[in-house]
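Taking it in order: structure first as structure tokens, then the write-up.
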Amino acid sequence: MAEKNKKKSTLQILKFSDSESSLFGRQYLLLTGILIVVLIVYALRLWHLQILHGAKYRYQSENNRIRLEDIPAPRGIIFDRNGVPLVENRPAYHLQLIREDVADLDETVRKLAHLCERDPQEFHDILAANRHHPRFMPVRLLADLDRDTLARVEAHRVRLPGVVLQLEPKREYLWNGVAAHLIGYLSEITEQELRSPEFEGYYPGEDIGRYGVERAYQRYLHGRRGGRQVEVDALGRRMRLLEEVLPIPGRNIWLTIDIELQKAAEAALEGETGSIVAMDPRDGAILALASSPTFDQEKFIRGFTREEWRALSNDPGRPLLNRAIGAAYPPGSVYKPFLVLAGLSEGVIALDTKFNCPGFYFFANRRYRCWRDQGHGNLDAESSLIQSCNVFYYQTGMRLGVDRIAHYSKLFGMGSPTGIALHGEHPGLIPTAEWKRRATGVPWQRGETLSVSIGQGFNLTTPLQMALSYSALANGGKIWQPYVVRRIEGGGTGEADEMRGRLKRQVHIDPRHLNIVRSGLRGVVHEQRGTAHRAVQDKSLDIAGKTGTALVVRLPDNVNRKVHAREAKRRERDHAWFVGYAPSDDPQITVCAMVEHGGHGSSAAAPLVAQVISAHLKGVVQEENP
Amino acid sequence: MIDRRLVENFDWGLFWVLMGIIGVGLLSVYSALYLQIQDNPRSNLFVKQLVWLSVGLAVLFGTLLLDYHRLKTISLWSYLLLIFLLVLVLIVGREVNGAKRWLQLGGFQFQPSEFMKVVIVMKLAAYFGSQDVPAYPDLKKLLPALGILFIPVVLILAGPDLGTAMVVLAVGMTVIIFMGVRWRYIVTAALAIIPTLYPLWEYVLKPYQKSRIMILFSPELDPLGAGYHIRQSKIAIGSGMAWGKGFLNGTQNNLRFLPEKHTDFIFSVWAEEWGFVGCVFLLLLFGLLVYLGLRVARRSRDRFGALLVVGMTSLIFWQALINIGMVLGLLPVVGITLPFVSYGGSSIITLCFAIGIIQNVSMRRYTFHTQRG
Chain A
100 MAEKNKKKST LQILKFSDSE SSLFGRQYLL LTGILIVVLI VYALRLWHLQ
150 ILHGAKYRYQ SENNRIRLED IPAPRGIIFD RNGVPLVENR PAYHLQLIRE
200 DVADLDETVR KLAHLCERDP QEFHDILAAN RHHPRFMPVR LLADLDRDTL
250 ARVEAHRVRL PGVVLQLEPK REYLWNGVAA HLIGYLSEIT EQELRSPEFE
300 GYYPGEDIGR YGVERAYQRY LHGRRGGRQV EVDALGRRMR LLEEVLPIPG
350 RNIWLTIDIE LQKAAEAALE GETGSIVAMD PRDGAILALA SSPTFDQEKF
400 IRGFTREEWR ALSNDPGRPL LNRAIGAAYP PGSVYKPFLV LAGLSEGVIA
450 LDTKFNCPGF YFFANRRYRC WRDQGHGNLD AESSLIQSCN VFYYQTGMRL
500 GVDRIAHYSK LFGMGSPTGI ALHGEHPGLI PTAEWKRRAT GVPWQRGETL
550 SVSIGQGFNL TTPLQMALSY SALANGGKIW QPYVVRRIEG GGTGEADEMR
600 GRLKRQVHID PRHLNIVRSG LRGVVHEQRG TAHRAVQDKS LDIAGKTGTA
650 LVVRLPDNVN RKVHAREAKR RERDHAWFVG YAPSDDPQIT VCAMVEHGGH
700 GSSAAAPLVA QVISAHLKGV VQEENP
Chain B
5 MIDRRLVENF DWGLFWVLMG IIGVGLLSVY SALYLQIQDN PRSNLFVKQL
55 VWLSVGLAVL FGTLLLDYHR LKTISLWSYL LLIFLLVLVL IVGREVNGAK
105 RWLQLGGFQF QPSEFMKVVI VMKLAAYFGS QDVPAYPDLK KLLPALGILF
155 IPVVLILAGP DLGTAMVVLA VGMTVIIFMG VRWRYIVTAA LAIIPTLYPL
205 WEYVLKPYQK SRIMILFSPE LDPLGAGYHI RQSKIAIGSG MAWGKGFLNG
255 TQNNLRFLPE KHTDFIFSVW AEEWGFVGCV FLLLLFGLLV YLGLRVARRS
305 RDRFGALLVV GMTSLIFWQA LINIGMVLGL LPVVGITLPF VSYGGSSIIT
355 LCFAIGIIQN VSMRRYTFHT QRG
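Quick mapping for you: the protein sequence lines, in order, are chains A and B. Convert by adding 99 to the 1-based position in the first sequence; the result is the number in our numbering. Convert by adding 4 to the 1-based position in the second sequence; the result is the number in our numbering.
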């Protein structure tokens, strides 16, 4: 030892200075000291846990078990604009098995299968799939028991240790199928979604919104799950509550729609394929949003069989498509008011400009027809709207050119998403020369401007876009962002947040030009020669609007249209439009009806709009004079 | 390169203590994964752990071949590479439990922050090991060292990986303080930092960040998460009593609740089955390992070697201290593994490398003398 020290001191001179070696010596002592203190503290702690309280913990580990139980948070309720509940929650019971508590697994499964009238193999398969989950964790054997099964299981549960009935609030659609596209539906969160940051804090087995408001407002409707730590005995019975975290319920949502008006709209669409949008032109609130055919929302809660799901997703009527926002059609003649405004604003036509309609427009050796073979004679802008004369618009459109037409259409909100908070909005399409060159590689043909001028050709608009742009005609050029939720209330804070319409832009148009268009639209319904004069019987509603008939199949020039329309197969019939607002001098509602293959706009679509407006305005009158 | 003299100075005591700890680890991991092993005897995490340990021991002995003085030059490059990888992790890393730690390199997952634990020791030892830094360095010499330390700490913290950042910080500070830091620096730093804590807490941190920190220090605030784990962990440890329940009898099945029982909470498994006696035995093994490590440092002939060994030893010390303290409910619940006991490849390789360095310095403690003299 002494020899070693001597060696050390000679060597230290080589590398370490004196101050350094004394410092390092002190530091080694310090570290060793810290090490000994930590060892003693930890040993004492172990003594405390294992010797002093060891018996208590041994008892807890053998006789009692600490479990975590979920407390699901109820999802927010959805009301209509007047507080009528549309979607609520009902209690659902799931059958669960905690394997750790089961005495005889085969026997228990056999009994359970008998009580639930299922094949035992079904339950064994589920258990096999959950083999790797810890044995104390419940495995769900059967979701949402019906009342009889629930009663049977409940009666036998005492003799079946490990069987647990889990209570979970489930969605209940009080008006199943009504406003289904707007409200939407839920389904269980997937493994992949659980891993994404968007769904942090979600648990397996929870339902999330997949469509409509249920999806778009998921983060408000979804509350936060709570839970409790409980002590259970060897049979899994709850002995003592240790800790509890209460769930935070989801927030309630008040929609802008009126359920009565919604039902009126859906009744009007009954049996047709199409959609109706009703909007308040004063702030962009959606009063009704109907799409037909509709679907069974409850089915998404109860679950589909494979065949049912295939049938639904392959249905040629595409019931899951929200036609009001997710489908776009050529607007046909409902496009015409915007051409008038473009022509007047650009100065290519004046207030007193008249064009003669001989029943066709001659361009490039071809006759472009008006819908009235014998022609309309001399017409100004206003009467061209009333009678929906095509030739007037061929003339105006050729003077404007495609790009100027597109400019005004886009100003009024066509050809781009409206920004409504729902998913799956179709942007529509308003063609320009530049667009066509990029999309097809072929330059714009002048003849195509003729089709565009009457809302045909490449033009595509959604019913929501048309309701929005007609609202701008009704309210003096205000383009609103349409909205469907007017209030979000409750939840953890209990506060209510009121939503208001957002003005996207003000289109500046000469009031004289707008007046021409508005009086033309009023004439469509109220003038003897108006295209919707006969279709809208109740003149007291004071509706102003425009019919539209969008060609589905282009007919050769030599075919008699009337004969064709009568004999055409349903799939080849024209799409029918009507967009209108009322009362015409102080508009409170804009309604757009679109009936796929409905035939003529005046006969197929205008009566539907009249029904909805009547339901709304008469309702208002009733409120004022109780 | 390996002559007889080198082999003679291999620290066999240290090696056998390490083997003892690894033995404890294998018993615990086997027990923790027992159900899984029965399910699938050929391919399970226990088999993987055996593979990792073989790789770790290969790394340990591989490290011995190279004279540790070479590490001075390597340290800079490995440090820069890891900093680059840490930044890369922040940008493209893979998320595990909400934290970005892993990098996917051609099917092989790689956790740069784990390797930073040893590289920070190498880099700081190399910095202080040069002749122009004296003991009790002045501010001009101290600040670069702090820079070397805090860049990776901040990057790891941004992960966010609080546990690893804490270990890197503790290890780095051990090396820095070992060189001697004047009291006035310590006092000044404390005076500068403490007043900023309140505004940082009050105005900078978001509510959810605050609640996470609060939960670290009092897990009972999160009864469905950390609080639940700690309660289960305490029951498991306490129920072991004096002699334990015996190997594989620790089916206080509650322990199977712990989601990270074979990694972070492995000590509870050992404590349940081997009791107070087994726990004190494991504590003594760790104490002995650290003590023997410090002995190697004390015997080393140059400052670089001494600092290397002190750093590597402190890495094992701090990790064991934080992990066991967490499981015993004395320290915050952060994700730190128990050295050589917990399951995990990156951790085993890093720590075997650390032991390799310690042995390396031990073996070459006389070579100087012969080379220079």
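No residue lacks a Cβ here, since even glycine has one placed at the ideal position from N, Cα and C. Nothing here was measured: the structure is a model prediction, and the numbers come from that model.
Simplified DSSP state of C469/A, which is helix, strand or coil: Reduced to three states, the DSSP call for C469/A is coil.
Which two residues bound the contiguous beta strand (DSSP E) that contains F454/A? For F454/A, the uninterrupted beta strand (DSSP E) run begins and ends at F454 to C456, by DSSP.
Cβ pair A480/A, T517/A closer than 8 Å: No, these two residues do not count as a Cβ contact at 8 Å.
On a CA-only basis, which of Q363/B, S350/B and S346/B is nearest V28/B? Give me that one, please. Of the candidates Q363/B, S350/B and S346/B, the residue whose Cα lies closest to the Cα of V28/B is S346/B.
Straight-line gap, K103/A to R369/B (C-alpha atoms, nearest Å): Residue placement at K103/A is flagged as unreliable, the pLDDT there being 47, under the threshold of 50; a coordinate-derived value is accordingly withheld.
Between the region 367-387 of chain A and the region 709-717 of chain A, do three or more beta carbon pairs fall short of 8 Å? The region 367-387 of chain A vs the region 709-717 of chain A: in contact.
Spatial neighbours of Y467/A within its chain, please: C-beta separation below 7 Å, excluding the five flanking residues on both sides. F459, Y460, Y493 and L549.
Within 10 angstroms of its Cβ, does S47/B collect 16 or more other Cβ (buried), or is it exposed? Counting Cβ neighbours within 10 Å, S47/B comes out exposed, since fewer than 16 surround it.
Chain B residues whose Cβ lies nearer than 7 Å to that of R144/A: Correct list: L332 and L334.
Quick check on W543/A: buried or exposed, where buried means 16 or more other Cβ atoms within 10 Å of its Cβ? W543/A counts as buried, since no fewer than 16 other beta carbons sit within 10 angstroms of its beta carbon.
Beta-carbon spacing of L707/A, D673/A below 8 Å: No; because the gap between Cβ atoms is not below 8 Å, this pair is not in contact.
Given 8 Å, three or more beta-carbon pairs between the region 369-380 of chain A and the region 689-705 of chain A: A contact exists between the region 369-380 of chain A and the region 689-705 of chain A.
Helix, strand or coil at D117/A [DSSP, three-state]: In the three-state reduction of the DSSP assignment, D117/A falls in the helix class, which pools H, G and I.
Cβ atoms of V175/B and I124/B: under 8 Å apart, would you say? In this structure, V175/B lies closer than 8 Å to I124/B by Cβ.
Do the region 189-196 of chain A and the region 351-361 of chain A touch if we need at least three Cβ pairs shorter than 8 Å? Too few Cβ pairs lie closer than 8 Å, so no.
On a Cα-Cα basis, can you pick out the residue from F399/A, G370/A, L567/A and P530/A that is closest to G556/A? The residue with the shortest Cα to Cα distance from G556/A is P530/A.
Three or more C-beta pairs under 8 Å: does that hold for the region 316-327 of chain B against the region 287-296 of chain B? Note that the region 316-327 of chain B touches the region 287-296 of chain B; at least 3 beta-carbon pairs, one per stretch, sit closer than 8 Å.
So what does DSSP say about M236/A, is it helix, strand or coil? The answer is coil: DSSP assigns M236/A none of H, G, I, E or B.
In the DSSP assignment, find the unbroken alpha helix (DSSP H) run with W56/B in it and report its ends. Following the DSSP letters along the chain, one finds W56/B inside the alpha helix (DSSP H) bounded by residues L49 to L68.
Integer Cβ distance of L18/B from Q363/B, believed to fall under 8 Å: Going by Cβ atoms, the distance from L18/B to Q363/B rounds to 7 Å, so yes, they are a contact pair.
Going along chain B, which residues have a C-beta under 9 Å from T131/A? Within chain B, the residues near T131/A are V294, Y295 and L298.
Buried versus exposed, by CB contacts within 10 Å (16 or more), I95/B: Here I95/B is exposed: its Cβ has fewer than 16 other Cβ atoms, across all protein chains shown, within 10 Å.
Is the beta carbon of I340/B sitting closer than 8 Å to the one on V171/B? The Cβ-Cβ distance between I340/B and V171/B falls below 8 Å.
8 Å Cβ cut-off: residues of chain A touching V284/B: Correct list: A142 and L145.
Pop quiz: Y156/A and I239/B are said to be a contact at Cβ under 8 Å. What is the actual Cβ separation, rounded to whole angstroms? Between Y156/A and I239/B, the beta carbon gap of about 5 Å places them in contact (Cβ cut-off 8 Å).
Tell me which residue opens and which closes the alpha helix (DSSP H) that G261/A is part of. No alpha helix (DSSP H) contains G261/A, which DSSP labels as neither H nor E.
Can F344/B and L335/B be called in contact, C-beta distance under 8 Å? Taking a C-beta distance under 8 Å as the contact criterion, F344/B and L335/B do not qualify as a contact pair.
At a Cβ threshold of 8 Å, is L220/B touching chain A? Answer no: the Cβ-Cβ gap between L220/B and chain A never drops below 8 Å.
Same chain, Cβ closer than 7 Å to S35/B, five either side skipped, listed in chain order: Only residues of its own chain outside the window of five on either side were considered, and among them F251, L252, G254, V273 and E277 have a CB closer than 7 Å to the CB of S35/B, listed in chain order.
Quick check on the DSSP output: what are the complete beta strand (DSSP E) runs of length 3 or more inside the region 111-192 of chain A, in order along the chain? Counting whole runs of 3 or more residues, the region 111-192 of chain A contains the beta strand (DSSP E) stretches 164-170.
Compare the C-alpha of Q327/B against each of V137/A, A279/A and E287/A and name the closest. For clarity, residue 327/B is Asn in the given sequence; the question names Gln instead. If we check each option's Cα against that of N327/B, V137/A comes out closest.
K481/A lies in the alpha helix (DSSP H); which residues open and close that run? Note on residue identity: the sequence assigns Glu, not Lys, to residue 481/A. It spans A480 to Q486 - the alpha helix (DSSP H) in which E481/A sits, taken as one unbroken run.
CA-CA distance, R409/A and R381/A? Approximately 43 Å between the Cα atoms of the pair.
In the DSSP assignment, what are the bridge partners of D306/A? For D306/A, which the question treats as bridged, DSSP gives the partners E287/A.
From G276/A, L273/A, V252/A and D609/A, residue whose alpha carbon lies closest to that of Q265/A: Ranking G276/A, L273/A, V252/A and D609/A by CA distance to the CA of Q265/A puts V252/A first.
Determine the burial state of K249/B: buried for a count of at least 16 other Cβ atoms within 10 Å of its Cβ, exposed for fewer. Result: buried.
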